[in-house]
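Below: one structure, written as structure tokens.
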Amino acid sequence: MDLSIIDEMPKSRIPITTTVVQPMRLSKVYTFITEEINRGKQCMVVYPLVEETEKSDLAAAVEAHQELSEKIFPKYKVGLIHGRMKKEEKDMVMESFSNNNINILVSTTVIEVGIDIPNATVMLVEHAERFGLTQLHQLRGRVGRSTHKSYCILVQRNFTDLGNQRLRIMEGT
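Take 250 as the starting number for the sequence shown in the working numbering and just add one per residue.
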């Protein structure tokens with residue numbers, strides 16, 4: 250079996266700045282997202298679950314979409330996409346996001362692959378410690394797909410040695 254290694258990005262792309270933040274800094278992150286949107290850029294916010302459950306303390310996309318659209322970013326169009334939606338619904342949301350009719354797209358990992366939105370410059374991953382390195386790398390790859398400076402912000406809510414190590418690796422690459 251042959252093995253290929255791709256160790257550089259396309260020449261036209263700028264490296265993505267990856268930062269790990271604690272929940273107490275989210276207000277600053279939201280301000281930064283607002284600034285990017287005001288510059289005409291778009292943002293994706295990823296959650297590990299579709300809906301909250303009694304058994305889990307993880308934030309979920311459906312509830313987060315409501316809070317983000319009503320309380321944090323009421324002036325902007327906030328869309329929602331997740332794997333439980335019908336294909337037609339997902340296609341409509343992605344078309345709206347692609348056409349810049351949605352400023353912020355709240356999602357699950359359904360956007361992990363196959364999404365190419367050059368105008369999206371911010372990827373915010375909630376509960377980032379819950380994702381593996383491969384998933385985080387794939388999610389980060391949804392931004393930085395143009396000549397615009399892009400950012401991947403990893404929110405760490407639970408602190409374990411393994412989670413810390415994983416997020417620091419992402420931050421350093």
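Built from N, CA and C at the ideal position, the CB exists for glycine as well.
All figures in this text were calculated on a predicted structure; none of them were measured in a lab.
query	result
Alpha carbon of THR357 to alpha carbon of ALA310, nearest angstrom	6 Å
Close-in-space but distant-in-sequence residues of the same chain around LEU416 (CB under 7 Å, 5 per side omitted)	VAL269, ALA377, GLU378, LEU403, GLN405
Beta carbon proximity, HIS386 to chain D, threshold 8 Å	Here there is only one protein chain, and chain D is not present.
Unbroken stretches of the alpha helix (DSSP H), 4 residues or longer, contained in the region 345-403	382-389
Three-state secondary structure (DSSP) of THR268	strand
Cβ pair ILE360, ILE321 closer than 8 Å	no
Run of the alpha helix (DSSP H) containing ILE330, from where it starts to where it stops	Where ILE330 is concerned, there is no enclosing alpha helix (DSSP H), although the beta strand (DSSP E) it sits in stretches over 327-330.
Top-ranked residue by Cα proximity to ILE263, from GLY421, CYS401, GLY393, LEU411	GLY393
Sub-8 Å separation of LYS290 and THR370 beta-carbons	yes
Candidates CYS401, MET273, TYR296, of which the one nearest ALA313 by Cα	TYR296
CB of LYS326 within 8 Å of CB of ILE351, strictly	yes
Pairwise C-alpha distance: MET273 and ILE364	30 Å
CA nearest to the CA of CYS292, picked from VAL342, ASP410, PHE346, LEU411	PHE346
Unbroken beta strand (DSSP E) run spanning GLN291, endpoints	291-295
Reference LEU275; option with closest CA among ASN287, ILE265, THR266, VAL294	VAL294
Cβ neighbours of ASN368 in the same chain (closer than 8 Å, five flanking residues each side left out)	GLY289, LYS290, GLN291, ASN349, SER395, HIS397
Cβ-Cβ separation, GLY328 to LEU354 (assumed contact under 8 Å), whole Å	5 Å
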